[in-house]
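Okay, so the sequence shown: first residue is 911 according to our numbering, each after it adds one. These notes are about the structure you will find just below.
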Amino acid sequence: MSEEAKPRQYPYLLAAFDGWNDACSASTNVIRHLLNTYESREVGTIGCEDFYDYQVARPMLCHVQGRRSICWPETKFYEVRLADDTSLLVETGPEPNYRWAEFCRRSIRMAEDYDVGGIITLGSMFADCPHTRELPMDDLASDEADVDTEGHSGPVGVPTVLDALASESGFATESIWVSVPQYLGSDECAQGTLQLLRRVSGMLGINLDEGDLPKKAQRWRAQASVLTRCNDDLAEYVRRLEVESDSRVAASIPDQVDEPTAQELVREAEEFLKSVGGQDQGV
């Protein structure tokens, strides 16, 4: 690739993958939003034959200008021009079924070709959290990985593998995850997409265009509230999640307010939870 074809600066490769790592499409919708909002062009692909099980990630029958065509699952790279002198390299596609290490090495080679400054992976997961509060966010940078002894242990997806191999190759990496309420099912979560976009915006130091995402997030919250008002058990469950969420926030306040005040907030939240539990036992 010629130097003339490249913008002057690629601060990051931003990657998100459909599937297990993408609850309610919150993370891949960040990529779709950027592609729909900014000038972009496809600059590369990772072919499908070696990485996908077609009984899991099935090919799609497409009609283009009246002609039928088979669209095979594949991962694509795009250049997204954010400003005259700054472009973002983005990667998106279905999570591969096979040969993850080789798949990630190909992604890393693409990042090397474009001389990116670092790699950001996005993900979203279902969790016990209320839609009425800011959705929980988790960030893990490569320079924090060795000291994070209380983080996730267990199964991982391809974003985690990409982070690990990219870090071994000398890239600075950042993994950003948002939790979405598991009780709302699989509908798209615009609030999660908006929060991820804002976190990426802060990392880039660029005010990314949010488009209609704030309105979509507001509509998502309103629809969720209607659902909870129609189900007493669900409403009580959400109320418990709100108390737990507020308790966690209160526990993190000592650095910001006087410690006695923060402790009082935590104590009040704990007493409320005990009272709710006592009411349930008496029913």
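Just so it is clear, CB atoms sit at the ideal spot from N, CA and C, and this is done for glycine as well. For clarity, every value in this text was computed on a predicted model and none was experimentally measured.
Here the alpha carbons of residue 1098 and residue 977 stand approximately 31 Å from one another.
Secondary structure at residue 927: strand, using DSSP grouped into helix, strand and coil. Distance from the Cα of residue 1048 is smallest, within the candidate group 950, 1110 and 1139, for 1110. Close CB contacts of residue 1015 within its chain, under the 7 Å cut and outside five residues either way in sequence, are with 1075 (chain order). Between the alpha carbons of residue 1039 and residue 979 lies a gap of roughly 42 Å. Beta-carbon to beta-carbon, residue 990 and residue 935 are separated by about 18 Å, too far to satisfy the 8 Å threshold. Under the three-state reduction of DSSP, residue 935 is assigned to helix. Taking C-beta atoms under 8 Å as the contact rule, residue 921 and residue 1027 qualify, at a distance of about 5 Å.
When rounded, the separation of the alpha-carbon atoms in residue 955 and residue 1129 is 35 Å.
926 is the residue among 926, 933, 962 and 973 whose C-alpha sits nearest the C-alpha of residue 987.
For the options 1112, 1093, 1084 and 947, the alpha carbon positioned closest to that of residue 924 is the one of 1084. Given a length threshold of 4 residues, each whole run of the alpha helix (DSSP H) inside the stretch 1099-1154 is given here in chain order: 1100-1114 and 1123-1139. In the three-state reduction of the DSSP assignment, residue 1039 falls in the coil class.
CA-CA distance, residue 972 to residue 983, rounds to 12 Å. Within a 10 Å sphere around the beta-carbon of residue 1035 sit 16 or more other beta-carbons, which makes this residue buried. A direct Cα-to-Cα measurement between residue 1070 and residue 1029 gives close to 12 Å. Excluding the 5 residues flanking it on each side, residue 957 has same chain C-beta neighbours closer than 8 Å at 984, in chain order.
Taking residue 1081 as the centre and dropping the five residues before and after it, the same chain places the C-beta of 1018, 1021, 1026, 1028, 1029 and 1052 closer than 8 Å to its C-beta, in chain order. A direct Cα-Cα distance of roughly 34 Å separates residue 933 from residue 995. Closest in C-alpha terms to residue 930, from the list 1148, 1067, 1091 and 1145, comes 1067.
Counting C-beta atoms within 10 angstroms of its own C-beta, residue 1136 has fewer than 16 neighbours from the protein chains shown and is therefore classed as exposed. Taking C-alpha positions only, residue 1001 is separated from residue 1142 by approximately 42 Å. Contact annotation: residue 1090 and residue 1045 have beta-carbon atoms nearer than 9 Å.
Excluding five sequence positions before and after residue 967, the CB atoms of its chain that fall closer than 6 Å to its own CB belong to 983 and 1004, given in chain order.
In this structure, residue 937 sits near residue 1088, with a CB-CB distance shorter than 9 Å.
Only residues of its own chain outside the window of five on either side were considered, and among them 961, 962, 963, 966 and 967 have a CB closer than 8 Å to the CB of residue 1007, listed in chain order. Sequence-distant partners of residue 1119 (beyond 5 residues in either direction) whose C-beta falls short of 7 Å from its own C-beta, in its chain, are 947. Residue 1102 sits buried, since 16 or more C-beta atoms from the chains shown fall within 10 Å of its C-beta. Under the three-state reduction of DSSP, residue 1091 is assigned to strand.
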